[in-house]
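Under this note's numbering, residues 1 to 578 are what the first sequence spells out, in order.
Glycine included, C-beta positions come from ideal geometry on N, C-alpha and C.
Nothing here was measured: the structure is a model prediction, and the numbers come from that model.
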Amino acid sequence: MTTNLNPQKIFIGVSWPYASGKIHIGHLAGQYIACDVFARYHRLKGNSVLMVSGSDSHGTPILFKAEEEKITPEELVAKSHRDILDTYKNLGLIYENYTSTTTKNHEEVVQNVFLVLKERGYIYEDSSKQYFDPKVERFLPDRYVRGTCPKCGNENARGDECPECGTFLDVEDLINPRSTLSDAIPVLKETKHFYLDLKKLEPELEEWIDGSSGNWRKWVREYTKGWIKEGLKSRAVTRDMEFGVPVPVEGWEGKVVYVWIEAVVGYLSAAIEWAENIGKPSKWEDFWKDPSCKHYYFIAGGNTQFHTIIWPAELMGYSEKYDSDELWEKYKLPGETRREKLDLPYDVPSNRMLLFNGKKMSKGENHMITADEMYEKYGTDLTRFFFTRFAPENHDREFSWEDLVTTNNNELVANIGNFINRTLTFTYTKFDKKVPDGNWDESVKTEIDNAFEEVAQYIEQVKLTKSLERILELGAFANKYFNDRAPWVGVKEDEQGAKDTLFNSIQLVNALRLLLRPFTPLACKELGGLLNVKGEFNANDVLIENGVIEKNIDTWAHQPIEAGRVIQEPELLWEKIE
RNA sequence: CGCGGGGUAGAGCAGUGGCAGCUCGUCAGGCUCAUAACCUGGAGGUCGUCGGUUCGAAUCCGACCCCCGCAACCA
C-alpha cells in the first residue's frame, strides 16, 4: 500500500443503455460487469480513473413505448433511469459519473460537436425520400414499415431486412408497404437531412486503425477492417422527430440529431459534466487531452463500429477545431482551456453475444432474463463472478442456469470458499482464534506475488475470464498446500509445522480476498471483517462514499496478516445452491 | 462470391508448425481440518469434411459443409 506517484490515467466509456426499460443479463455479460471489474482494479492500483456512461433517453422506440404505457416519454425515461440506477447499485456497479442524454449540458456539447463538424465540411445537407405515415403523421424508421419481400415473397418483411430469407432490403423495395404503427399505407415524402461524410475521413481513419488496432481483440479488429474494406458510406445524422437534441441550424425545426452522433458524444459530455460536478470545470481535459491517458470503450456486439469507426471519425473531424483561431474562439466546450486535440480510443474490448436457448436476448421480443431477476435469485457476488468467468469475450456464448449452479458450487464455493472456511475454522478452533506464530514458506510467498502480477496483467489486457481463472489457480494451489501439509496431523505431532501451515494459509486467504476485490466486493468486505482488517484504504469504497477519490494509493499487492491477530468466528461467504 | 466470428473428450473452452491440453462431469483410490469438501490417479478426442505444402499440420494453403452474429437507437 503505497502512494502511486505516477498514476496512469484511464478513461472508460461504457455504452449507454437505452432508457426504454430494464437491463438484462446480456447487457451484464456484454459490458456492465466487465467495465466495473476493470475500473475497480485500476482504482485499487492507484490509477486515475474516469468511468462515465448514462441512459440513452431519446428516439422513436421510447415514444412508442410511452404511448403504449400511456405515460409521457419523459416519465418513461425517468423511470427507466431510476430502474437502471437501482440495478447498478444492487450489483455494485459504480461510475465516476452516470448521467443521461436529457441534460442541458449534453445538448450543448452535442450541438457544439455537430456545428464544428459542419463547419469543417464533414456534415453536409442532402435530401432523400422516406416513408411517412399519414395517419399518425410521422416519418417511419425502416423497421416500422412492413411489406412483401421482393426476393422471397414473404408478406411480413421489414423495411430493413426480410426475416424469412435474410436479405437486407431497401425500404422502398418492399411490395405493398404498410405502417406498423397504424396499418396505414405510408407515402414516400421528400425530407432533407444532414449527412456525415465518412468517406472524407476514411484515409485518416484507416491509417489510425492500422496503427492502433494491434492490441484490440482479433474479432473487433477484423470486423472493423471489414467495414473499411466494404467502403464507408455517408450516413444521415438527423431525424424527423421532436424528441431529442434539436438540430442547431435555422430552418431545421422539428428535426433532431440522430443517435450515433448523439449518444457517442455522451462520452465527452458526461466527462464535462463530471468535472462540473466536482467543482473543477476544466478537469475533464486531463482525461481527454493527455495523450498518455488510455481510453477504453466497453461495449458489445453490434455497437462495435460506432466505437471503432464513427466515434473516432467524429473525434478526428472535431479536433480540427484546434487548428483554427476562429473555431477555437467560437466553439469552446464548457470549461475548456487547452487548445489540444481530443484523445482517440486506445482499446475497444467489445464482447460478443450471450445467447439464451440459442438466440440472443432481445427487449423487443421479450426473450430475456432481467438483471434484477438474476440479482434477486443469486445476489451481487455470484452474478458478477459468473458473468466475468463466462463473458463472451471472443465468441458468442450460451447462457444456462446449470452452468451458473455448477460454477457457484465448484468454483466459488468448493475451491475458494472452502479453502477460506477450512483455514479460518482451523485457526479459530485449534489455535484459540489467533493467527499462529509461523514462518513464511517461500513457495507460498512466490505463488502469491506471481498471482498479483499475473492477474494484473490479464486485467490490463482486458482478458477478464483469464484473470479469474488465474485466481482460481491460486485457490487450487492453496487447497493442495493445505492438504499436503496435513495440519490436522501436525497439530498433534508437530505443532510448529501446523502453525507454519496455518500462518501461510491465512496469508493465502488474505491474498484471495485482495485479488477478488474487483470481482466479488461484498464477500471481500465480509472476509475483511472476519480477519479483523481495520482501516484499509479501498479506493472503490471511497468513491461510493465521497463521489471522488482524492488520493492515488496503490493497494494491488499482498498485505500480510501478522501473527497473533485475533480473528472472528468464521461464517460462510458463499453457499451451495440447488 | 456482402462483412465478420466459430466448429478440439459427454458439456464448456485453451491451444498459430514439434508427444492434443484445461475446468466440470464420470470411474477408482487417498484423506478427514473444511460447505458431501479437499488431494491423487484413470477412462474418454481419426481437432467439421476433402485435398495440398512439410521430416512433421488442430495450427499454413485451397475447396467445401454446418452453426452464429451484423445495416433497426436490439448489448
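By the DSSP assignment, the alpha helix (DSSP H) with residue i in it spans what residues?
i	result
E67	60-68
V444	442-460
F287	284-288
F38	33-44
D126	D126 -> not in any alpha helix (DSSP H); beta strand (DSSP E) instead, spanning 123-133.
S80	73-91
G266	259-277
Please list, in chain order, all residues of the same chain as residue i whose beta carbon is under 8 angstroms from its beta carbon, the five residues on each side excluded.
i	result
Y458	L464, K466, S467, R470
W208	P312, M316, L344
W16	S53, G54, S55, D56, T101, A263, G266
N504	G438, W440, D441, V444, Y481
P248	Q111, F114, L115
I33	L91, L93, T383, R384, F387, T388, A391
L516	I416, I471, A523, C524
Under DSSP, the beta strand (DSSP E) around residue i begins and ends at which residues?
i	result
G244	Here G244 belongs to no beta strand (DSSP E), and DSSP marks it neither H nor E.
Y98	97-100
I10	9-14
P177	175-179
S292	Run containing S292: none; DSSP gives neither H nor E here.
F356	354-356
G302	No beta strand (DSSP E) holds G302; DSSP gives it neither H nor E.
A55	As written in the sequence, residue 55 is Ser, which differs from the Ala given in the question. Residues 48-55.
Taking residue i as the reference, which of the options has the closest Cα?
i	options	result
G569	L232, A263, D381, I420	A quick correction: the sequence has Glu, not Gly, at residue 569. Out of L232, A263, D381, I420, I420 has the C-alpha closest to the C-alpha of E569.
E107	I123, P141, T446, S57	S57
D500	A523, D441, A476, L543	D441
L181	L174, R138, W208	R138
G529	I561, N504, I416	I561
I175	N410, G147, K104	G147
L198	V237, S212, L85, R178	V237
P203	Q31, E454, G317, G21	G317
A539	V247, Y41, K135	Y41
I448	E460, Q111, A476, L44	A476
T429	I567, Q507, R517	I567
P186	K135, G231, T224	K135
K551	L508, A19, N47	N47
Q130	T72, R120, G121, D142	D142
V405	E578, L44, W288	E578
N409	A557, I261, S282, Y378	Y378
K294	E222, T72, E460	E460
P61	E222, E74, I369, G417	E74
S324	I310, R339, G335, E314	R339
Given residue i, which residues of its chain have a CB within under 7 angstroms of its CB, disregarding the five upstream and five downstream residues?
i	result
S319	K341, L342
L412	L382, F385, W574
E125	K192, F194
T72	A66
R120	G317, E320
Taking buried to mean at least 16 other C-beta atoms within 10 Å of its own C-beta, is residue i buried or exposed?
i	result
I272	buried
K244	Going by the sequence as given, residue 244 is Gly instead of Lys. Classification of G244: buried, given that the 10 Å Cβ count is 16 or more.
K332	exposed
Q31	buried
K321	buried
N532	exposed
T2	exposed
G59	buried
H24	buried
Q559	exposed
S350	buried
L140	buried
T488	Here residue 488 turns out to be Trp, not Thr, going by the sequence shown. Exposed is the call here.
P291	exposed
W216	buried
G535	exposed
W401	exposed
S179	buried
In chain order, what residues of the same chain lie with their CB nearer than 6 angstroms to the CB of residue i, ignoring the 5 residues before and after it?
i	result
L28	A371, F387
W284	A271, I272, A275
E599	The chain is shown only over 1 to 578; residue 599 falls outside these bounds and no answer can be derived.
L117	I123, G317
K576	N409, V413
G26	L354, M361
N303	S15
**Contained alpha helix (DSSP H) runs [length at least 4] in the region 467-536, N- to C-terminal order** = 487-493, 495-516, 521-530
**Asked** At what residue ranges does the region 378-439 contain a whole run of the alpha helix (DSSP H), taking only runs of 4 or more?
**Response** If we require 4 residues or more, the alpha helix (DSSP H) runs fully inside the region 378-439 come out as 401-407, 418-430.
**Request:** Could you tell me which uninterrupted alpha helix (DSSP H) segments, each at least 4 residues in length, are contained entirely in the region 185-256, listed from first to last along the chain?
**Result:** 198-212, 218-230
**Request:** Report the residue ranges of all alpha helix (DSSP H) runs contained in full by the region 317-344; include only those spanning at least 4 residues, in chain order.
**Result:** Here the runs fully enclosed are 325-330.
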